[in-house]
Amino acid sequence: MSPLKSYLDLYKHLPQTNCKKCGMAACLAFAAAAMRGQKLLSACPDLAPQVREELARELGQAADPQEELTRAMAPLKARVAAVDLAAKAGQLGCTHNGKRLVLKCLGKDFTVDPDGSLASQCHVNAWLAEPMLNYVSLGQGKDPLGRWKLLRELPGGEDWHRLFGQRCEKPLQKVIDEHRDLMEWVIDIFGAQAVEEEGSAELRVVLWPLPKLPLLIRYWPPEDGMESTLNLCFDATATDNLPIESIYTLGVGLVTMLEKIALTHDT
Numbered sequence: 001m002s003p004l005k006s007y008l009d010l011y012k013h014l015p016q017t018n019c020k021k022c023g024m025a026a027c028l029a030f031a032a033a034a035m036r037g038q039k040l041l042s043a044c045p046d047l048a049p050q051v052r053e054e055l056a057r058e059l060g061q062a063a064d065p066q067e068e069l070t071r072a073m074a075p076l077k078a079r080v081a082a083v084d085l086a087a088k089a090g091q092l093g094c095t096h097n098g099k100r101l102v103l104k105c106l107g108k109d110f111t112v113d114p115d116g117s118l119a120s121q122c123h124v125n126a127w128l129a130e131p132m133l134n135y136v137s138l139g140q141g142k143d144p145l146g147r148w149k150l151l152r153e154l155p156g157g158e159d160w161h162r163l164f165g166q167r168c169e170k171p172l173q174k175v176i177d178e179h180r181d182l183m184e185w186v187i188d189i190f191g192a193q194a195v196e197e198e199g200s201a202e203l204r205v206v207l208w209p210l211p212k213l214p215l216l217i218r219y220w221p222p223e224d225g226m227e228s229t230l231n232l233c234f235d236a237t238a239t240d241n242l243p244i245e246s247i248y249t250l251g252v253g254l255v256t257m258l259e260k261i262a263l264t265h266d267t
C-alpha cells in the first residue's frame, strides 16, 4: 500500500457510498476526519478488515477496538477539560458535588471529572459517552419548549433522518412490537413518563437521556391488518444543546441498549 499523503489518498480506499454509517455526511468528510485523528477507521463498517488494518497502521491507529475508543474519546475529554464544570452545571441542568459534575442520563447518575472522565455505577455505553461529553462541552443549556419535532425537522436533520430511521426507529419499532410490556419496565427503571391521551391507542413515552434533551417515543400498535408505526421526536431546542450528529449517536445508543434489555427480558 502506498503512503497516505493526504485525505484523498485515504478516500481512494473507502467504499465511497456516502452511507453515513460512520456518523459523517460523506466518505470524503470521513477521510479528512480520519487523517486528522478525529475519526477511527473502525467507524466505517463496510471497510474490509484487512484493508482497515493496513490503513490503521499507516495512520498510527490502534487495531484493538477498546484502544481505538480511548483514542477517539481523547479530544472530547480535552474539550470538557477546558470547561468550568462548577460554573456550567446549573446551566446544563446538572449539579456539582464540589469535585465532579453530576449528570443524569435515563434516571441514572453519571459523574464527569475535570479531565473529562465519565463514571457511573452502571456501564458507560460508548454510544452514550460521546453525546454526554459533547452535551457538557457544547451544550447551551436551553430549556425545552415542549414543541416536539421529528429529526428531519431539526436544523441539519434532513441529512440524517433516513439513516436515523434505519438505525433507530425501525429497530425500536420491532422491539416494541415483540415486547409491548417492555415499555412499562423501561418507564420504571429509566424514570420515563407515559403521556396518555384519552381515546387514543397511541403509546407516548418521554425519556430524558440528558437533563435538557428529552426524547418522545410515539408508537401506534398494529390494527386492522396494518403494521405498527413508530417515530422518535425531540424538543425544538435539541440542536442548541447537542450537535445533530450526536443526537443521532444518542438515538443509536439508546436503541442498542433497549435491544439488549429485550434479549435479557426474554430469559
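Those letters in the sequence shown? Residues 1 to 267, by UniProt numbering.
Each residue gets a CB set at the ideal place from its N, CA and C atoms; glycine is no exception.
(request) State the CB to CB distance for the pair residue 156 and residue 239, rounded to an integer number of angstroms; the pair is presumed to be in contact (CB under 8 Å). (result) 7 Å
(message) Quick check on residue 100: buried or exposed, where buried means 16 or more other Cβ atoms within 10 Å of its Cβ?
(response) buried
(message) Between the alpha carbons of residue 236 and residue 135, how many angstroms are there, rounded?
(response) 16 Å
(message) One question on the structure: do residue 4 and residue 54 come within less than 7 Å of each other, judged by their Cβ atoms?
(response) no
(request) Go ahead and label residue 123 buried or exposed: buried means 16 or more other beta carbons lie within 10 angstroms of its beta carbon, across all protein chains shown. (result) exposed
(request) Run the CB neighbour count on residue 87, radius 10 Å, all protein chains shown included, and call it buried at 16 or more, exposed below. (result) exposed
(message) Taking contact to mean 3 or more Cβ pairs, one atom from each stretch, closer than 8 Å, check whether the segment 208-215 and the segment 141-150 are in contact.
(response) yes
(request) Count the CB pairs spanning the segment 106-115 and the segment 34-50 that are closer than 8 Å, and state whether there are at least three. (result) no
(message) Between which residues of its own chain and residue 91 is the CB-CB distance below 6 Å, once the five residues before and five after are set aside?
(response) 141
(message) Just to confirm before moving on: does the CB-CB distance between residue 205 and residue 189 stay below 7 Å?
(response) no
(message) Under DSSP, the alpha helix (DSSP H) around residue 51 begins and ends at which residues?
(response) 49-59
(request) May I ask you to report which of helix, strand or coil DSSP gives residue 120? (result) strand
(request) Can you tell me the Cβ-Cβ gap for residue 253 and residue 154, rounded? I've got them flagged as a contact below 8 Å. (result) So it is not a contact: roughly 18 Å between Cβ atoms.
(request) Whole angstroms is fine: what's the gap from residue 94's alpha carbon to residue 161's? (result) 29 Å
(request) In angstroms with no decimal places, state the Cα-to-Cα distance between residue 148 and residue 191. (result) 19 Å
(message) Can you find the residues in the same chain that come closer than 8 Å, C-beta to C-beta, to residue 85, ignoring five residues on each side of it along the sequence?
(response) 96, 100, 101, 112, 114 and 136
(request) Would you mind listing the beta strand (DSSP E) stretches within the segment 80-111 that are 3+ residues and don't spill past its ends, in chain order? (result) 101-105
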